[in-house]
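In what follows, a single structure is set out as structure tokens and then discussed.
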Amino acid sequence: MEFVDTALDDFCVAEEETSGGRMGRRRHIGDETGEFKSKNLHAERRRREKLSGRLLELRSQMNKATIITDAITYIKELQKCVEDLSNQLHEMEAAIEEEPATKSYEIADTKDQMNQWGIEPEVKVIQVDGSKLWIKIVFQKKRGGFTKLMEAMNVLGCDITDTSLTTSKGAFLFTSSVEVISKVQKFSK
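Residue numbering for the sequence shown is 2 to 190, as defined by the working numbering.
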């Protein structure tokens with residue numbers, strides 16, 4: 002069927018592709034595939050290839066002597082750091098060796114404080130319930146004293162629930178609720 006040119010052809014709108022709209026933002030590769038790709042994809046690939054090429058060029062221009070010199074300076078810095086740390090360690094060891102003299106002074110000082118304020122060492126135990134006890138202990142304040150007390154209570158098979166520890170005038174005041182759970186109950190039956 003043939004089309005005849007008429008005066009109405011001027012009024013017909015022909016379908017043409019426009020570059021505007023959503024489709025203009027993407028490139029249509031291959032009309033038959035229908036895949037869309039970014040229009041900047043090739044530019045980005047070229048940019049990355051250019052950067053990697055320049056990086057390889059820089060690496061090749063750096064001579065081995067420069068690399069070895071940098072490595073030597075880095076090793077010297079590390080050796081200096083090791084030397085500084087070992088000096089600090091020796092200073093700490095020297096301070097620890099001097100510490101026992103100050104410990105004996107501290108022990109004498111706390112004992113004097115307790116005597117000065119009239120604080121006497123004491124142990125008070127009150128049975129609250131069948132196997133529950135309330136304990137009050139006043140003893141000299143010294144390093145590791147509380148830890149030794151807790152270890153002794155643990156060895157005796159005591160379950161410590163409510164604990165209060167106060168330090169004042171060279172003395173520890175320890176109060177606690179204790180439940181005796183192990184060895185004492187087994188032997189009493």
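Positions of the beta carbon are idealized from the N, C-alpha and C atoms, including for glycine.
Short Cβ contact (7 Å threshold) for residue i with residue j
| i | j | result |
| --- | --- | --- |
| T167 | L174 | yes |
| V129 | I136 | no |
| Q141 | T111 | yes |
| V179 | L150 | no |
With 16 other Cβ atoms within 10 Å as the buried cut-off, status of residue i
| i | result |
| --- | --- |
| G171 | buried |
| C82 | exposed |
| I182 | exposed |
| M115 | buried |
| M154 | buried |
6 Å CB neighbourhood of residue i in its chain, flanking five on each side removed
| i | result |
| --- | --- |
| S177 | I136, I161, T164 |
| I138 | V124, F175 |
| I69 | none |
| S132 | E180, V181 |
Chain-order list of residues whose beta-carbon lies under 7 Å from that of residue i (same chain, five-residue window excluded)
| i | result |
| --- | --- |
| P122 | V139, F140, Q141 |
| W1 | In the structure as shown, the chain begins at 2 and stops at 190. Residue 1 is therefore absent and cannot be evaluated. |
Residue i at chain C interface by Cβ criterion, 7 Å
| i | result |
| --- | --- |
| R144 | The chain inventory of the structure shown lacks chain C, comprising one protein chain alone. |
- Task: Taking 8 Å as the threshold, find out whether the segment 80–100 comes into contact with the segment 143–154 through three or more Cβ pairs.
- Result: no
- Continuous beta strand (DSSP E) assignments of at least 3 residues falling wholly in the segment 95–176: 123–128, 133–141, 159–169
- Task: Enumerate, from N- to C-terminal direction, the unbroken alpha helix (DSSP H) stretches of 4 or more residues contained entirely within the segment 31–89.
- Result: 42–62
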